[in-house]
Structures are given as structure tokens and as C-alpha cells.
Amino acid sequence: MMGELTKLTLAEARDKLRAREVTSLELTEACLTAIEGAGALNAFVHHTPEIARDQARAADARLAEGDAPAMCGLPIGVKDLFCTKGVPSQAASRILQGFLPEYESTVTSQLFDAGAVMLGKLNMDEFAMGSSNETSCYGNVVNPWRRGNDDTALTPGGSSGGSAAAVAADLCLAATGTDTGGSIRQPAAFTGIVGIKPTYGRCSRWGIVAFASSLDQAGPMTKTVRDSAIMLGAMCGHDPKDSTSADLAVPDFEAMLTGDIRGKVIGIPKEYRMDGMPAEIEKLWADGSAMLKAAGAEIREISLPHTKYALPAYYVIAPAEASSNLARYDGVRYGHRAKLAQGDGITEMYEKTRAEGFGHEVQRRVMVGTYVLSAGFYDAYYNRARKVRALIKRDFDDVFAAGIDAILTPATPSAAFGLGEMQDADPVQMYLNDVFTVTVNLAGLPGIAVPAGVDAQGLPLGLQLIGRPWEEGDLLNTAYALEQAAGFVAKPGKWW
Amino acid sequence: MSIAPETAARVAKLARIKVEPEALPALAAEFNTILGFIEQLNEVDVDGVEPMTSVTPMRLKRREDVVTDGDRQAQILKNAPDAREGFFAVPKVVE
Numbered sequence: 001m002m003g004e005l006t007k008l009t010l011a012e013a014r015d016k017l018r019a020r021e022v023t024s025l026e027l028t029e030a031c032l033t034a035i036e037g038a039g040a041l042n043a044f045v046h047h048t049p050e051i052a053r054d055q056a057r058a059a060d061a062r063l064a065e066g067d068a069p070a071m072c073g074l075p076i077g078v079k080d081l082f083c084t085k086g087v088p089s090q091a092a093s094r095i096l097q098g099f100l101p102e103y104e105s106t107v108t109s110q111l112f113d114a115g116a117v118m119l120g121k122l123n124m125d126e127f128a129m130g131s132s133n134e135t136s137c138y139g140n141v142v143n144p145w146r147r148g149n150d151d152t153a154l155t156p157g158g159s160s161g162g163s164a165a166a167v168a169a170d171l172c173l174a175a176t177g178t179d180t181g182g183s184i185r186q187p188a189a190f191t192g193i194v195g196i197k198p199t200y201g202r203c204s205r206w207g208i209v210a211f212a213s214s215l216d217q218a219g220p221m222t223k224t225v226r227d228s229a230i231m232l233g234a235m236c237g238h239d240p241k242d243s244t245s246a247d248l249a250v251p252d253f254e255a256m257l258t259g260d261i262r263g264k265v266i267g268i269p270k271e272y273r274m275d276g277m278p279a280e281i282e283k284l285w286a287d288g289s290a291m292l293k294a295a296g297a298e299i300r301e302i303s304l305p306h307t308k309y310a311l312p313a314y315y316v317i318a319p320a321e322a323s324s325n326l327a328r329y330d331g332v333r334y335g336h337r338a339k340l341a342q343g344d345g346i347t348e349m350y351e352k353t354r355a356e357g358f359g360h361e362v363q364r365r366v367m368v369g370t371y372v373l374s375a376g377f378y379d380a381y382y383n384r385a386r387k388v389r390a391l392i393k394r395d396f397d398d399v400f401a402a403g404i405d406a407i408l409t410p411a412t413p414s415a416a417f418g419l420g421e422m423q424d425a426d427p428v429q430m431y432l433n434d435v436f437t438v439t440v441n442l443a444g445l446p447g448i449a450v451p452a453g454v455d456a457q458g459l460p461l462g463l464q465l466i467g468r469p470w471e472e473g474d475l476l477n478t479a480y481a482l483e484q485a486a487g488f489v490a491k492p493g494k495w496w
Numbered sequence: 497m498s499i500a501p502e503t504a505a506r507v508a509k510l511a512r513i514k515v516e517p518e519a520l521p522a523l524a525a526e527f528n529t530i531l532g533f534i535e536q537l538n539e540v541d542v543d544g545v546e547p548m549t550s551v552t553p554m555r556l557k558r559r560e561d562v563v564t565d566g567d568r569q570a571q572i573l574k575n576a577p578d579a580r581e582g583f584f585a586v587p588k589v590v591e
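Chains as they are written, first to last, in this note's numbering: chain A, 1 to 496; chain B, 497 to 591.
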């Protein structure tokens with residue numbers, strides 16, 4: 001019974017809670033037990049059972065009074081990037097060791113207001129920089145999925161790898177993620193779950209440790225599209241504390257899930273057909289397109305001519321913003337400070353603190369960002385990348401103006417790979433994981449990964465749908481139709 | 497363009513990250529791989545294109561220029577590695 005409770009979707013659990021068939025405390029205890037038994041996955045890195053039980057009791061009291069907001073009593077995990085009051089929030093970095101925020105991020109605060117229960121904090125790549133969860137100061141997350149009977153440990157993807165593994169392994173009903181270049185959608189695809197990055201400005205960034213401020217967005221990672229609709233509604237909305245937060249009404253996303261996509265026009269961008277794309281990914285993409293067609297959508301080939309330049313532009317803009325954002329970690333106001341030698345001054349303090357506190361990938365990106373912003377290179381790199389970004393966005397504007405409602409692409413260029421497999425590859429090889437997702441961040445659009453099939457080794461594969469700005473409701477509905485047609489029900493066999 | 501270890505050392509200094517001299521050649525090599533990848537951007541015709549400043553056209557909201565928050569000294573100093581007498585403490589800055 002306990003094990004079964006953790007397998008519930010948000011929607012199923014919500015309905016059972018409201019029908020008083022189960023209590024939030026029972027659900028919460030079931031999840032806490034599952035988490036305790038899943039140390040091998042290394043998904044939860046800070047456990048908050050006391051907070052969870054208190055919140056569950058409060059939710060049960062609300063439910064008893066007939067006051068049951070969207071997330072009331074539903075146990076979730078929170079990515080370590082979100083500042084949670086009095087609970088370690090260290091972005092998987094040594095430099096924030098011991099940091100206990102005096103405040104709550106807007107997104108988690110809204111989730112708690114909506115009745116959600118926090119089970120703990122979830123592992124991730126350090127400062128959300130990575131695609132395999134191998135840059136975390138807590139060590140790798142392990143994907144609950146394995147290749148057939150092979151026990152090779154696979155990556156859950158990154159940077160929201162802990163969130164993805166925890167949801168796929170039924171340790172929590174859903175989790176928060178963040179996405180700067182694909183960090184929700186790539187791990188969702190690698191673990192057979194749903195993840196949506198909303199339009200830039202939908203979710204407040206206040207209280208989320210910043211990586212690249214013009215690209216970062218929070219979003220839900222869930223078992224189904226319906227769950228994403230429910231949780232996204234609770235996460236987003238205008239926040240005066242984030243100047244880029246959109247002052248727009250939040251529609252009832254769940255009510256928009258009719259599954260009816262007749263007459264919708266779905267674009268298939270020819271530039272996403274990469275050289276050397278695995279046949280399985282190509283087939284998955286064609287199958288997805290056929291499913292949407294069978295559901296009544298019109299399929300149209302489109303062109304997004306600047307696609308090829310998205311990753312290089314991203315690897316100028318994101319490090320540039322990161323070098324600026326991460327300048328705040330100086331060993332003065334919070335987090336780690338290096339032990340100083342006799343005669344060391346403030347510069348030595350900064351340099352030693354940052355060398356000890358930041359991992360290799362973070363150091364590399366901060367330095368690349370510093371370089372592209374330095375005198376003499378600013379125009380050649382940074383300004384040029386921002387111009388290319390404008391062209392990438394224009395490509396999308398043009399196809400939407402021509403009547404395209406959503407764009408279908410693969411979510412990732414491969415299924416989950418083995419931990420350590422990319423160790424000897426150069427950094428650019430790892431960056432290629434985001435080739436299909438990064439355009440969406442550069443253009444500020446909503447994008448969703450939906451599990452659509454398994455490869456020959458039994459690993460999940462995902463498709464991505466990209467929507468018009470602010471039309472997450474319509475996007476979720478198209479994703480819902482795709483989810484229904486794909487009928488993905490596979491689950492990882494429990495080995496942990 | 498190729499980055500020499502001396503340039504890598506200058507960038508590390510600007511970024512305030514201590515890099516040991518023996519690690520500089522490998523770091524420079526990594527920069528070269530990444531910058532080589534970025535060089536592709538030179539193929540794009542960007543004549544007359546404005547650099548993007550905001551992905552969604554929006555006017556930043558304005559508000560009254562009044563104090564809305566503050567008086568939180570204890571909270572602000574709470575996470576400091578070294579705080580004394582209501583201030584952040586750092587190594588001596590001025591001789």
C-alpha cells in the first residue's frame with residue numbers, strides 16, 4: 001500500500017485527498033520511506049522530514065475544512081537551486097556550503113501557499129551548469145533506468161538530474177526544476193517523465209540562485225502532462241520582486257487539456273535533422289509527427305535557418321551572464337571562505353575562496369564569460385552573440401506569424417548515456433546534449449518534453465514541443481494529445 | 497585565435513580564481529576548444545541587427561522611489577563567514 005501511494009500522479013493523489021480516501025500525512029510518510037530506501041540514486045541531498053510532516057498535517061487540516069488549493073497535501077521535491085528558508089540551499093556547490101537562506105524563493109513560497117509538502121532538496125549540476133549531473137559537489141545522481149539487464153550506472157541528465165530521478169523512481173509525486181539551456185527537458189527525456197520550461201517571465205526568478213538571468217526559468221517535472229499543468233499553475237504568476245516577471249493573468253492550464261488538436265498546425269524544422277542522428281531518434285520524431293497528424297493536426301515542414309548558431313551563441317551569452325552573476329561569491333557575505341596564509345590580502349582571499357569553492361566546470365564557464373566580456377572582445381563575442389540571438393528569435397517569430405501553432409522536435413540527440421562516459425570528451429561534446437533545447441531558451445519560448453517511446457535497450461526517449469510565447473495552455477494541450485497517442489507507460493525496474 | 501597560457505592567467509586573474517601555473521596550459525587548451533566552437537558565429541551576417549537586450553519586449557515597471565525594505569542587519573549578517581560589530585569582516589584592504 002505504502003509503495004503504491006508514491007506511484008500516484010499529482011492529479012490522482014489530489015482527487016484521493018479531496019475524497020478523503022488518503023491523508024497527506026500518509027502520502028508524505030510513504031514518500032519519506034521511499035526516499036530513505038533510495039540512497040543509491042543520490043537524488044535527495046537534504047532531507048526535510050520535519051518540515052514535510054508539519055506541512056502535511058497543515059494540509060490535512062485544510063482539506064478537512066474543505067479548503068483544498070491546487071497542490072494541497074501533495075509531496076514534492078525541490079531542486080537545490082531554490083532558496084528555501086532555513087534549509088540548505090547550495091546549488092550543489094561547495095561555495096554555498098552551510099548557507100541557510102533567511103528567505104523563501106517566490107516559486108516555493110507559492111507552492112507552499114498552494115498546500116504543497118516539501119520532502120527535501122534535490123541534487124543537480126553545480127550552479128545548474130552541466131548535462132549529466134556529474135558536476136555536483138554531492139556526487140552524481142544515478143538514473144533509475146538501466147539498459148536491459150546491464151547494470152551500468154547511467155546519467156539522469158542535467159542539470160535537474162535529482163528532480164528527474166526522484167520523480168521517475170516514485171520518491172516524490174513531482175519536483176521543481178530550472179532550465180537555462182535544457183536543464184528541465186533533457187533530464188525529463190532521459191528518465192521518461194514530463195518537464196516544461198515556461199515562457200521567460202512566467203515564473204518569478206526571485207530566490208532562485210542565478211546562473212544566466214536572461215535564460216533561466218523554473219518549471220515543473222512530473223509524471224504526466226496533466227500534472228505539469230496543475231503544478232505550473234501554482235508556480236507561475238506576476239512577482240514585483242522580479243523585474244522580468246510578466247504581469248499577465250495565469251489561465252487554468254488543466255482546464256485547457258481537452259486533447260482536441262484538430263486544425264492545429266505543427267511545424268517540423270528541417271534544421272533539426274542533424275548529421276549522424278541515431279535512427280531511433282529519427283523514427284521517434286517521425287512517429288510523433290504521425291501521431292499528431294492522426295489526432296487531426298496539420299504537419300508542415302518549416303525552416304529555422306539560424307538553428308546551427310544557437311549553441312555557440314548560448315556558450316557566449318550563458319557564461320558571460322554567469323561570470324557576472326557568480327561574482328557575488330567572494331567569501332564575504334555568505335558561504336565558503338578559504339583559510340588564508342600569513343600576509344594574504346583581500347585579493348588572495350577572493351582567489352583562493354573561488355578556486356576552492358567552485359568546481360572545474362563552473363570555473364571554466366566563469367572564465368570563458370570573463371574572457372568574452374573583457375575589453376577588446378566584448379563586441380567580437382558578446383555583442384555578436386546577442387545579435388545572433390535576435391536572429392534566432394526572429395526565425396521563431398516568422399514561423400509563428402506564418403500560422404504555426406507548435407513545433408515538434410526530438411528532446412535530446414540520444415538516450416541516457418553512462419556516467420563517466422563523457423569524461424574524456426572535450427567540453428563541447430557535452431554541450432551538444434542541449435542542441436535541440438537551447439534555441440527555446442534563447443528565444444524565451446515555452447518548451448515541453450514528453451516521453452514518447454523506448455530505444456532498443458529499453459531506455460526512455462522524449463519528444464519536445466515548442467509553443468508560442470505565453471501560450472503554455474495550448475502547448476500543454478498539444479503535449480497532452482501526444483502523450484495520449486504515445487501511450488508511454490514504461491517504468492524503471494526497481495534495483496536500488 | 498589561439499589563447500596562450502599567459503592569456504589564461506590574465507583571465508583567471510580578472511575572474512579572481514586562483515589557478516596554479518602548471519594548470520594554465522590545459523586551461524588554455526580548453527578555452528581554445530570552446531572559443532573555436534564559438535568562432536562559428538563569425539559566419540552569420542549580423543549587419544543591421546540590434547543586439548538583443550530583452551527576449552520579450554516589455555517596459556520595466558516603475559514604482560515610487562521610497563524605502564520598501566531594510567532594517568535587517570542581523571538577517572543579512574547571519575550567513576557571513578566573519579562578521580563583527582554589525583559589519584562584514586575582511587582582511588586588511590588599505591595599508
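All C-beta atoms, glycine included, are put in the ideal place defined by N, C-alpha and C.
Using a 10 Å radius around the Cβ and a threshold of 16 neighbouring Cβ atoms, would you call residue 99 (chain A) buried or exposed? When all chains shown are included, residue 99 (chain A) counts as buried.
When you measure from the CB of residue 534 (chain B) to every non-hydrogen atom of the ligand SAM, does any distance come out below 6 Å? The ligand SAM is not part of this structure, which contains no ligands at all.
Paired residues, beta bridge with residue 196 (chain A) - DSSP: A:448.
Does the separation of the CB atoms of residue 478 (chain A) and residue 261 (chain A) fall below 7 Å? Taking a C-beta distance under 7 Å as the contact criterion, residue 478 (chain A) and residue 261 (chain A) qualify as a contact pair.
So which of A:403, A:428, A:213, A:201 has the shortest CA-CA distance to residue 552 (chain B)? For the set A:403, A:428, A:213, A:201, the Cα lying nearest the Cα of residue 552 (chain B) is the one of A:201.
Short-range partners of chain A found in the stretch 575 to 587 of chain B, where Cβ spacing is below 8 Å: Going along the stretch 575 to 587 of chain B in chain order, one finds 575, 576, 577, 578, 584, 586, 587 with a Cβ nearer than 8 Å to chain A.
I want to see whether chain B comes within less than 7 Å of residue 351 (chain A), judged by CB atoms only; does it? Chain B contact via Cβ: present.
Just to confirm before moving on: does the CB-CB distance between residue 13 (chain A) and residue 232 (chain A) stay below 7 Å? It is not a contact, given that the beta carbons lie outside the stated cut-off.
Since residue 569 (chain B) sits in a beta bridge, which residues does DSSP pair it with? Looking at the DSSP assignment, residue 569 (chain B) forms no beta bridge with any residue, so it has no partner.
Of all the options A:219, A:203, A:210, A:212, which has the alpha carbon lying nearest to the alpha carbon of residue 196 (chain A)? Nearest neighbour of residue 196 (chain A) by Cα position, chosen from A:219, A:203, A:210, A:212, turns out to be A:219.
So, using beta-carbon positions, are residue 394 (chain A) and residue 319 (chain A) closer together than 7 Å? One thing to note: residue 394 (chain A) has its Cβ no nearer than 7 Å to the Cβ of residue 319 (chain A).
Whole-angstrom C-beta distance between residue 166 (chain A) and residue 77 (chain A), which should lie under 8 Å: About 5 Å; that satisfies the 8 Å criterion.
Rounding to the nearest angstrom, what Cα-Cα distance links residue 180 (chain A) and residue 362 (chain A) in this structure? If you take the alpha carbons of residue 180 (chain A) and residue 362 (chain A), they lie about 14 Å apart.
When the cut-off is 7 Å and only beta carbons count, does residue 520 (chain B) lie next to chain A? By this cut-off, residue 520 (chain B) is not an interface position.
Just mark residue 330 (chain A) as buried or exposed, buried being the case when its beta carbon has 16 or more other beta carbons within 10 Å. That one is buried.
Along the chain, where does the alpha helix (DSSP H) containing residue 33 (chain A) start, and where does it finish? Run containing residue 33 (chain A): 24 to 36, per the alpha helix (DSSP H) assignment.
Evaluate residue 502 (chain B) with the Cβ neighbour count: other Cβ atoms within 10 Å of its Cβ, from every protein chain shown; 16 or more gives buried, anything less gives exposed. Counting Cβ neighbours within 10 Å, residue 502 (chain B) comes out exposed, since fewer than 16 surround it.
One question on the structure: do residue 250 (chain A) and residue 222 (chain A) come within less than 7 Å of each other, judged by their Cβ atoms? Taking a C-beta distance under 7 Å as the contact criterion, residue 250 (chain A) and residue 222 (chain A) do not qualify as a contact pair.
So is residue 498 (chain B) buried or exposed if we call it buried at 16+ other beta carbons inside 10 Å? It counts as exposed.
Can you tell me where the beta strand (DSSP E) with residue 406 (chain A) in it begins and where it stops? DSSP places residue 406 (chain A) inside the beta strand (DSSP E), whose first and last residues are 406 to 410.
Output the distance between the C-alpha atoms of residue 342 (chain A) and residue 580 (chain B), rounded to the nearest integer angstrom. Residue 342 (chain A) and residue 580 (chain B) have their alpha carbons spaced roughly 21 Å apart.
So which of A:481, A:453, A:480, A:449 has the shortest CA-CA distance to residue 466 (chain A)? Taking only the C-alpha atoms, the option nearest residue 466 (chain A) is A:449.
Tell me the DSSP bridge mates of residue 300 (chain A)? Residue 300 (chain A) has A:267 as its beta-bridge partners, per DSSP.
What distance in whole Å lies between the Cβ atoms of residue 158 (chain A) and residue 120 (chain A), which are believed to be in contact at a cut-off of 8 Å? With a Cβ gap of about 19 Å, residue 120 (chain A) and residue 158 (chain A) do not count as contacting.
For residue 580 (chain B), write down the residues that DSSP places opposite it in a beta bridge. Residue pairing for residue 580 (chain B): DSSP places it in a beta bridge opposite B:583.
In the DSSP assignment, the alpha helix (DSSP H) including residue 284 (chain A) goes from what residue to what residue? Per DSSP, residue 284 (chain A) is one residue of the alpha helix (DSSP H) stretching across 279 to 294.
From which residue to which residue does the alpha helix (DSSP H) around residue 360 (chain A) run? For residue 360 (chain A), the uninterrupted alpha helix (DSSP H) run begins and ends at 360 to 373, by DSSP.
Would the beta-carbon of residue 212 (chain A) fall within 7 Å of that of residue 322 (chain A)? Yes, Cβ-Cβ distance for residue 212 (chain A) and residue 322 (chain A) is below 7 Å.
Quick test of the definition: if touching needs 3 or more C-beta pairs under 8 Å, does the stretch 297 to 309 of chain A touch the stretch 333 to 340 of chain A? The stretch 297 to 309 of chain A makes no contact with the stretch 333 to 340 of chain A; the number of CB pairs closer than 8 Å stays below 3.
Alpha carbon of residue 347 (chain A) to alpha carbon of residue 512 (chain B), nearest angstrom: About 7 Å.
Residue nearest to residue 244 (chain A) in terms of C-alpha spacing, selected from A:270, A:215, A:252: Looking at A:270, A:215, A:252, the one whose alpha-carbon comes closest to that of residue 244 (chain A) is A:215.
Let me know the secondary structure DSSP gives residue 221 (chain A) once reduced to three states. DSSP, read as helix, strand or coil, puts residue 221 (chain A) in strand.
For residue 90 (chain A), I'd like the list of residues in its chain whose CB is within less than 7 Å of its CB, leaving aside the five on either flank, ordered along the chain. Excluding its 5 nearest sequence neighbours in each direction, residue 90 (chain A) has C-beta neighbours in its own chain below 7 Å: 80, 96, 97, 99, listed in chain order.
Closer than 9 Å at the beta carbon, the chain B residues around residue 334 (chain A): Those are 574, 575, 576, 577, listed as they occur along chain B.
Partner residues on chain A for residue 545 (chain B), Cβ-Cβ distance less than 7 Å: Going along chain A in sequence order, the residues near residue 545 (chain B) (Cβ under 7 Å) are 387, 390, 391.
Residue 390 (chain A) to residue 7 (chain A), Cα distance in whole Å? Straight across, the Cα-Cα distance linking residue 390 (chain A) with residue 7 (chain A) is about 43 Å.
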